[in-house]
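Per my numbering, the very first residue in the sequence shown carries number 4; after that it's consecutive. We treat Cβ as the ideally placed atom computed from N, Cα and C, and that holds for glycine.
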Amino acid sequence: MADIRQRVKEDQGILKKIQMFVPGFRGYRQKEDLRDADRMLRDQLAKKLGAQREEVEEARSLVTRSFRSKELELMGKVINQYKKTEGLVSHSSPGYSGISADIQFKQDEINRLYDYDAAMIDGLDIMQQAIDAMKAALEAEENQQARKNITQLRAQIDNFEDQFKKRIDIIQGTEV
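Put into structure tokens, the structure is as follows:
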């Protein structure tokens, strides 16, 4: 009995985290909620990605002023990667618009969606920490550390994009 209660408590924690990130998020309680909740989450994710991209663009001005070409090139790649991921989140087909009313999401699928959602929100926090570390290294003119931070940020954006694609696979029912 304690195991079931523990899982409910864990699920509430994940749902609460998502609700804190997405104003008005009610969850995936009913299949018609799935479209609305997914759109709300994707809008917030894209908004946060855009804000982070803008921070990187602002930080790029530090690099331009000091003529650091290696960092400038790396940051350009990060900005393009952000734009690509932001576009994927904002504009890709959610994958369930043609779903008939007969299709039901099982609770374990919904739980996996929540897990991916929470992982993406955590990923955004980790990416923000990497941006902050990158900006600090750029301001201190620690070129090697800045390049390391930029490379880590690129890897974290890749991870975020992979999480998003896996989430879409669950919704489409094509997850392997």
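| Check | Outcome |
| --- | --- |
| Let me make sure I understand the geometry here. Which of I174, A158, Q175 has the alpha-carbon closest to that of Y85? | A158 |
| Where does the unbroken alpha helix (DSSP H) through R170 begin, and where does it stop? | 146 to 175 |
| Can you have a look at E74 and say buried or exposed, based on whether 16 or more other CB atoms are within 10 angstroms of its CB? | buried |
| Around the Cβ of Q47, are there at least 16 other Cβ atoms within 10 angstroms (buried) or fewer (exposed)? | buried |
| With C-beta atoms as the reference, is A122 less than 9 Å away from Q155? | no |
| Pop quiz: F163 and M130 are said to be a contact at Cβ under 8 Å. What is the actual Cβ separation, rounded to whole angstroms? | 7 Å |
| May I have the straight-line CA-CA distance separating R8 from M78, to the nearest angstrom? | Residue confidence is low: R8 scores 46 on pLDDT, short of 50, so the model does not pin down where it sits. No coordinate-derived value is stated. |
| Between which two residues does the alpha helix (DSSP H) harbouring S69 extend? | It is not in any alpha helix (DSSP H) - S69 carries neither H nor E in the DSSP assignment. |
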